[in-house]
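Per this note's numbering: the sequence shown ends with 494, consecutive numbering throughout.
Note that beta-carbon positions come from the ideal geometry of N, C-alpha and C, so glycine has one too.
What you are looking at is a predicted structure, and each value in this text was computed from that prediction instead of being measured.
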Amino acid sequence: MPGTLRRLDGLETAARLESVGRVESVGDGIAHVSGLPDVRVDELLLFPGGVAGLAMDLDDRIGCVLLGDAAAVMAGGTVHGTGTVLRVPVGDGLMGRVIDPLGNPLDDGPPLEAERWEPVERPAPTIAERAAVSEPLLTGTAVIDAMFPLGRGQRELLIGDRATGKTAIAVDAILNQTDDDVFCVYVAVGQKASGVRAAIEAVRQGGAAARTLFVVAAADSAPGLQWLAPYAGFTMAEHFRDSGRHALVIVDDLSKHAAVHRQLSLLLRRPPGREAYPGDVFYLHSRLLERAAKLSPARGGGSLTALPIAETQGGNLSAYIPTNLISITDGQVCLDAKLFYEGQKPAVDIGRSVSRVGGKAQPPVLRALAEPLRLDYAQFLELEVFTRFGGLVDERTRKAVAHGQRMRVLLAQRHLSPRPLAVQAAQLLALADGTLDGMPLEAIPRFQAALAGLVAARPPKIGESLDDATKTALRDLIAQAAAQAAAGLGGETGGEMP
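Below, the structure written as structure tokens:
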């Protein structure tokens, strides 16, 4: 009896008010509940079996998006209001892990080490809290870094038809940050598990896994988890931005995210609009991508760069979701299916690609060497079409076409082979000096391989400008690589072409 009294003495006797409702119906990832008059929009609700949900529609019956297995939720069951919004774990301890949008591990690693839990929906930085984009973020893809450069804090859209290399460019961008101070978050939305697995393995084999977090809501995940994934990924990446560091977040892809939003909205009986999307689909993505920013020195000077991916149908950039995303972002890299099937990789359509703010952040060496590149390449494409008719061309046109062909070979690049800044600068200098003009096209890959090997063995110091010392160091490497290519030794000396 005394022991029982001691146990009772420690009990809380204060009354607690619980918000408990009833599940009216459930199906297709949506539940309608009643009896919760004080629930707010985006409030976290708890269902039997540990299934969470988000209150999305406040009507006579509350429309709730389930964030788990709907089979565990039955009509007539109870639902509890929490009075709080959904939070996800953030912290350095998440790096290298594969998790779902709720922070549950999907790999075989130990329990997550979260520093704190932050709301999934967070306001974007205000105008006063932002700074101009001024620092480069190199992707390792030569055609992008030269013609459509990115800056830290920018939002650049990767857009193109299915299977044209969008994810490949994104993965290469992650691999190119291994020697930099950029933390990466890769968010997979509605992707096939095999494709997500391939991306994870590529990052691991490239040595970038320790600085990369994978947030996965695959095609077989609950629609609510797929809807939540981009917001959770941004919250986890903002941890680094807000602590004065730099982060890169990739969302693969927002077209599937918009489709899931349409599915959930139709199930919630929201009025459909163009292409059956609800009226808030623009706000869905604008409030997400506005969270990417370069912060002012007063806020620590950190940055969050966004590389969202979108899929087109038949190269149609004027469809609803592509036009929305193009208007929200600071530029786009368009990938063309025709170029891809012709063997041009990466299949970047330079005529429809643009970077609106990254040029100010481009490394001075690349800016000096790449300034005429885009115009020269565009003129080459026009001349090449003209020469295909078989008519006579003058010597000037013939030289311009030959130079353009070498430019195209130089910018070709295999997947999982990001190019360092020094290699890109050396290759562009060789092009500008005319070193490649007298070189057969089939010898250029050997030249590139030899040059990459020489740069790796003796990295030149790339300064703030393309001064005489930098040119001399690069030209010395170019001359050696050209000699090796002419002798047919590039493959043995420098390895495979990057």
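Bounding residues of the beta strand (DSSP E) (the contiguous stretch that carries residue i)
i    : result
P441 : Premise fails: P441 lies in the alpha helix (DSSP H), 440 to 453, not in any beta strand (DSSP E).
M52  : 48 to 53
P304 : 299 to 307
R18  : 15 to 23
V277 : It is not in any beta strand (DSSP E) - V277 instead sits in the alpha helix (DSSP H) that spans 277 to 285.
Q328 : 327 to 331
A27  : 26 to 30
V61  : 58 to 62
L90  : Run containing L90: none; DSSP gives neither H nor E here.
Per-residue burial, residue i [other beta carbons within 10 Å of its own, 16 or more giving buried]
i    : result
M143 : buried
I58  : buried
H239 : Strictly speaking, residue 239 in this sequence is Ser, with His absent from that position. S239 is exposed by the Cβ-count criterion.
E378 : exposed
S351 : buried
D157 : buried
M70  : exposed
A198 : buried
D464 : exposed
L371 : exposed
P106 : exposed
L381 : Note that residue 381 is Val in the sequence shown, not Leu. So V381 ends up on the exposed side.
Y373 : buried
A189 : exposed
R112 : exposed
L437 : exposed
G495 : Only positions -3 to 494 of the chain appear in this structure, which leaves residue 495 out of reach.
F385 : exposed
N495 : Absent from the structure is residue 495, since the part of the chain shown begins at -3 and ends at 494.
D345 : buried
6 Å CB neighbourhood of residue i in its chain, flanking five on each side removed
i    : result
M439 : Reading the sequence as shown, one finds Ala at residue 439 and not Met. Excluding sequence neighbours, A439 sits near A481.
R348 : C330
E109 : G89
A357 : V129, S130, E131, P132, G147
G400 : F376
F179 : R207, F236, A243
S461 : P360
G202 : L171
Same chain only: Cβ atoms within 8 Å of residue i, ignoring 5 sequence neighbours per side
i    : result
V185 : A213, Q222, A225, P226, V247, D248, D249, L250, K252, H253, V256
G491 : Note that G491 scores 41 on pLDDT, short of 50, meaning its location in the model is unreliable and no value can be drawn from it.
L154 : K162, I165, A166, L303, P304, I305, A306, Q328, V329, L331
A10  : Confidence is the limiting factor: at A10 the pLDDT is only 47, short of 50, which leaves the residue's position unreliable, though a coordinate-based value still follows. Same-chain partners within the cutoff: there are none.
G231 : First, the residue type needs correcting, since residue 231 is Thr and not Gly in the sequence shown. Correct list, in chain order: V84, V86, E114, P115, V116, R118.
L473 : A422, L447, L450, V451, R454, P456
R3   : Confidence in R3 is poor, its pLDDT being 38 and thus under 50, which makes the residue's placement unreliable; the coordinate value appears in the next sentence. Excluding positions up to five away in sequence, the list is empty.
S30  : G17, R18, E20, D56, R57, I58
Residue range of the alpha helix (DSSP H) that includes residue i
i    : result
P101 : Where P101 is concerned, there is no enclosing alpha helix (DSSP H), given that its DSSP letter is neither H nor E.
R363 : 360 to 366
A374 : 369 to 383
T319 : 316 to 324
R258 : 250 to 263
L82  : Neither: L82 is in no alpha helix (DSSP H) and is coded neither H nor E.
R471 : 464 to 482
I140 : 138 to 143
I170 : 162 to 171
Same chain, Cβ closer than 7 Å to residue i, neighbours up to 5 away in sequence not counted
i    : result
A228 : V84, P97, V116, V211
L470 : A421, A422, L425, P456
D38  : L50, A51, V81, E117
Residue i beta carbon near the ligand NAD (any heavy atom closer than 6 Å)
i    : result
D168 : Only the bare structure without any ligand can be found here, which leaves the ligand NAD out of the picture.
Contiguous alpha helix (DSSP H) assignments of at least 4 residues, all confined to the segment 393 to 435: 417 to 429
Contact the segment 321 to 338 vs the segment 392 to 408: 3+ CB pairs below 8 Å: no
Contact the segment 145 to 155 vs the segment 49 to 58: 3+ CB pairs below 8 Å: no
Alpha helix (DSSP H) runs wholly inside the segment 175 to 226, at least 4 long, in chain order: 189 to 201
Segment contact flag, the segment 63 to 82 with the segment 173 to 185, C-beta cutoff 8 Å, min 3 pairs: no
Three or more C-beta pairs below 8 Å linking the segment 288 to 301 and the segment 105 to 124: yes
contact_flag[the segment 268 to 288, the segment 308 to 321] where n(CB pairs < 8 Å) is 3 or more: yes
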